[in-house]
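Undergrad: Numbering (my numbering), first residue to last: 18 to 279. Here it is: the structure, laid out below.
Right, dumping it as C-alpha cells:
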C-alpha cells in the first residue's frame with residue numbers, strides 16, 4: 018500500500034478514515050464506486066470486520082445483482098443479499114420526486130432491523146460528483162447514519178476509475194446503472210410486473226450488442242435511449258428489439274435521437 022509523503026496520498030487518507038469506523042457494512046451495488054470502496058476496506062481493515070450488503074428488488078436490473086455477486090466473490094467478502102422492502106411502501110410506489118428518498122429510507126430502516134445488535138458502521142459509495150446531481154436519497158443516508166467515505170475524503174469518479182485501473186480491478190469503469198424505477202415517468206405508479214418487463218427489454222438490447230440502454234416508459238409507450246455512437250447499431254437491430262418489446266406488451270417503441278443523457 019502507498020505510504021504518505023508530502024501531500025497525503027488519497028488512498029491513505031481514505032484508509033485512515035476507514036480504520037476509524039471498523040467494523041463496517043458496505044452497501045454494495047454492482048457498480049465501480051461501491052466495488053472500489055469495498056476493495057479499499059479490505060486494504061485497511063481485517064476481512065472479518067467487513068460485510069457487504071446488496072438489496073434485491075423489482076427495481077434492481079438483473080445485471081446489477083449479478084455484478085454485485087461477482088464483486089463480492091472476487092474480493093472474497095461475506096455478502097448478504099436482502100429482499101428489499103420498498104415495493105410495500107405506498108409513498109415510494111406513487112413515484113413522485115422524492116421516490117429515491119422513500120426507497121433509501123425504507124431499505125435502511127429494514128437493514129438496521131435485519132442487522133439487529135451488530136455494531137458496525139454503514140458505508141455507501143457516494144462521491145463528490147454525486148453532489149452535482151439532484152439525489153434525494155442522500156438525505157436518507159444522512160438521516161439513517163450512513164457514512165460516505167469517498168465523498169468525505171474528496172474522491173470523484175475519475176479518481177476512483179484511475180485507482181481501479183492502477184490496481185487492475187475487474188469492476189473498473191463498469192457502465193453506469195440506475196434503478197429501474199427511473200425508467201417510469203414521474204407520477205405514474207410503480208408496478209413490479211412492469212419493472213420486470215422493462216428489465217427484460219433492456220437485457221435483450223444488451224444481448225444484441227448495445228452497451229448501454231435505458232427503456233423509458235410513459236403511458237404504454239417506450240422511448241429507447243442509447244449512446245449516440247450506437248444509434249446506428251440500435252436502428253440495425255430494430256426488428257429484434259421491436260419483437261421483444263411487443264412480446265413484453267409494449268406496442269409503441271421509439272429511439273430517442275438525442276441519445277443517452279444520464
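Note that CB positions come from ideal geometry on N, CA and C, so glycine has one too.
Under the three-state reduction of DSSP, which class applies to residue 160: helix, strand or coil?
TA: Counting from 1 along the chain shown, the entry for residue 160 is found at position 143. If DSSP states are grouped into helix, strand and coil, residue 160 belongs with the helices.
Undergrad: Taking only three categories from DSSP, how would you classify residue 199?
TA: Position 182 of the chain shown, counted from the start, is the residue given in the question as residue 199. When DSSP states are grouped into helix, strand and coil, residue 199 belongs to the helix group.
Undergrad: What's the C-alpha gap between residue 30 and residue 62?
TA: Locating residue 30 in the chain shown gives position 13, where the first residue counts as 1. Locating residue 62 in the chain shown gives position 45, where the first residue counts as 1. Answer to the nearest angstrom: the Cα atoms are 14 Å apart.
Undergrad: Write down the C-beta distance between residue 225 and residue 258 rounded to the nearest angstrom, noting that I regard them as a contact closer than 8 Å.
TA: Position 208 of the chain shown, counted from the start, is the residue given in the question as residue 225. Position 241 of the chain shown, counted from the start, is the residue given in the question as residue 258. The pair is a contact, with the Cβ atoms about 7 Å apart (cut-off 8 Å).
Undergrad: Starting from the C-beta of residue 200, find all residues in its chain whose C-beta is less than 7 Å away, skip the five residues before and the five after it, and write them out in chain order.
TA: Here residue 200 is taken as the residue at index 183 of the chain shown, counted from 1. Correct list, in chain order: 215, 231, 232, 233, 234.
Undergrad: CB residue 72 to CB residue 116, shorter than 7 Å?
TA: Taking the first residue of the chain shown as 1, we reach residue 72 at position 55. Taking the first residue of the chain shown as 1, we reach residue 116 at position 99. Contact flag unset, no.
Undergrad: Please report how far the alpha carbon of residue 246 lies from the alpha carbon of residue 278, in whole angstroms.
TA: Position 229 of the chain shown holds residue 246. Position 261 of the chain shown holds residue 278. It is roughly 13 Å from the alpha-carbon of residue 246 to the alpha-carbon of residue 278.
Undergrad: Give me, in chain order, the residues of the same chain whose beta-carbon lies closer than 6 Å to that of residue 89; leave out the 5 immediate sequence neighbours on both sides.
TA: Numbered from 1 along the chain shown, position 72 holds the residue referred to as residue 89. Close CB contacts of residue 89 within its chain, under the 6 Å cut and outside five residues either way in sequence, are with 69, 96 (chain order).
Undergrad: When DSSP builds the beta bridges, which residues end up paired with residue 73?
TA: Along the chain shown, read from residue 1 onward, the residue named residue 73 stands at position 56. The partner list for residue 73 (beta bridge, DSSP) reads 100.
Undergrad: Assuming the contact rule is C-beta atoms closer than 8 Å, residue 51 and residue 142 should be a hit. Round their C-beta distance to whole Å, please.
TA: Indexing the chain shown from 1 puts residue 51 at position 34. Indexing the chain shown from 1 puts residue 142 at position 125. That pair is a contact at about 3 Å.
Undergrad: Return the bridge partner residues of residue 231 from the DSSP annotation.
TA: In the chain shown, the residue the question calls residue 231 occupies position 214. Beta-bridge pairing links residue 231 to 242.
Undergrad: Can you tell me where the beta strand (DSSP E) with residue 138 in it begins and where it stops?
TA: Start at 1 with the first residue of the chain shown, and residue 138 comes out as number 121. Here the beta strand (DSSP E) through residue 138 covers 138-140.
Undergrad: Report yes or no: do the segment 98-108 and the segment 142-156 share at least 3 C-beta pairs separated by less than 8 Å?
TA: no
Undergrad: Report the rounded CA-to-CA distance for residue 22 versus residue 32, giving the unit in angstroms.
TA: Residue 22 sits at position 5 when you count from the first residue of the chain shown. Residue 32 sits at position 15 when you count from the first residue of the chain shown. Any answer about residue 22 is weak, because its pLDDT of 48 lies below 50 and its placement is not dependable; what the coordinates show is given next. Roughly 15 Å separates the two Cα atoms.
Undergrad: In terms of alpha-carbon separation, which member of 243, 256, 263 lies closest to residue 274?
TA: Position 257 of the chain shown, counted from the start, is the residue given in the question as residue 274. Nearest option by C-alpha distance: 243.
Undergrad: From this set, 134, 122, 174, 177, which residue's C-alpha is nearest residue 157's C-alpha?
TA: For the purposes of this step, residue 157 is taken as residue 140 along the chain shown, with counting starting at 1. Closest by alpha carbon: 122.
Undergrad: How about residue 241 and residue 272: do their beta carbons lie closer than 7 Å?
TA: Sequence index remark: in the chain shown, residue 241 carries index 224 (1-based). Sequence index remark: in the chain shown, residue 272 carries index 255 (1-based). Going by C-beta atoms, residue 241 is nearer than 7 Å to residue 272.
Undergrad: Considering residue 170, what are the terminal residues of the alpha helix (DSSP H) in which it resides?
TA: To locate residue 170, count along the chain shown from 1; it is residue 153. Neither: residue 170 is in no alpha helix (DSSP H) and is coded neither H nor E.
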